[in-house]
Each structure stands twice: as structure tokens, then as C-alpha cells.
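S.K.: The numbering of the sequence shown is the numbering used here, which starts it at 193 and goes up by one.
Even glycine gets a Cβ: it sits at the ideal position worked out from N, Cα and C.
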Amino acid sequence: MAVLSTGPIENNLSGGSRPTQQVTIKMVNTDSINTSNILIEGYSLNGTRTLYVQQSVNLTPGQVFSQTYYANLDGYEYVFTTGGGAAAFTEISVWGKNNTGQLSTAHRIVLKELSPKGEL
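Structure representation (C-alpha cells):
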């Protein structure tokens, strides 16, 4: 089992809107035999750390998952707890998008940029 985190992401107003309005999480199980399970937890960081997303996903071998969540917040953090036989073969990325659906480059996080929880 691994616990990975985006770390806190600042999303303050700029020019009347926030750089990121929504976050798309993409995951893929690259194992050819085993299943992985992932707990997705999203936290709002507005003076306190408040859980606002909690979803469990099971990925069969080769399966891809994509889900978009609300992120028009002062700050946010996503934590991923992976388990199952394919936990080590589960790749995760986080994509911030503005109000027109365009990628917010500063809020793009790929697997190698996710921090093991406790090592931020």
C-alpha cells in the first residue's frame, strides 16, 4: 500500500477568477494480471483542512479511470491510498482546469511529482 499526496495547492483569485475551477484525476492500472484499489480524498484548504471528496475506485488490469471534481477553492490537496496486487503498477495524475476547461499548467501533477504522505 502507498499513500501519495499532491501536497497543498494554492488557488487564490487572480484577475477575478481562480487559476483552477475543476480538477481531473486520471489513473491507469498497468498490471496485466492484478487489480488495484485506490481511495481518493480531496481536501479544501480554506483556513482549515476539510474533506470534500472521498471516492473508492477499483481498477482491473489495463483499466483507465478519469473523474473530474470541483476545485474553485482557495486551496486544495488530494491524497491517494493505493492497495491491491497492482498497487505498484497504478499510475495517477492530477490536472487542474480553468473555467473554460483549459489546463492550468501550474496545477498539473504527474505520478513522479506526487509525494509519499509524510514526506512533503
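Does the Cβ-Cβ distance between ILE230 and THR260 come in under 8 Å?
M.R.: no
S.K.: Tell me the DSSP secondary structure of ALA280 in three-state form.
M.R.: DSSP places ALA280 within a helical segment (H, G or I) once states are collapsed to three.
S.K.: Output needed for ILE301: all residues of its chain with C-beta closer than 7 Å, excluding positions within five of it in sequence on either side, in chain order.
M.R.: THR198, SER285 and VAL286
S.K.: Along the chain, where does the beta strand (DSSP E) containing THR273 start, and where does it finish?
M.R.: Counting along the chain, the beta strand (DSSP E) containing THR273 begins and ends at 267–275.
S.K.: Which residue's Cα is closest to the Cα of GLY267: SER224, THR240, ILE232 and PRO253?
M.R.: THR240
S.K.: Measure the Cβ-Cβ separation of LEU205 and ASN238 and say whether it is below 8 Å.
M.R.: It is not a contact, given that the beta carbons lie outside the stated cut-off.
S.K.: Does the Cβ of VAL256 have 16 or more other Cβ atoms within 10 Å, making it buried, or fewer, making it exposed?
M.R.: Its Cβ having fewer than 16 others within 10 Å, VAL256 is exposed.
S.K.: For the beta strand (DSSP E) containing SER296, list its first residue and its last residue.
M.R.: 295–301
S.K.: For ILE225, which residues from the same chain have a beta carbon less than 7 Å from its beta carbon, with the 5 sequence-adjacent residues on both sides left out?
M.R.: PRO253
S.K.: Can the beta-carbon of PRO211 be found less than 8 Å from the beta-carbon of GLY288?
M.R.: yes
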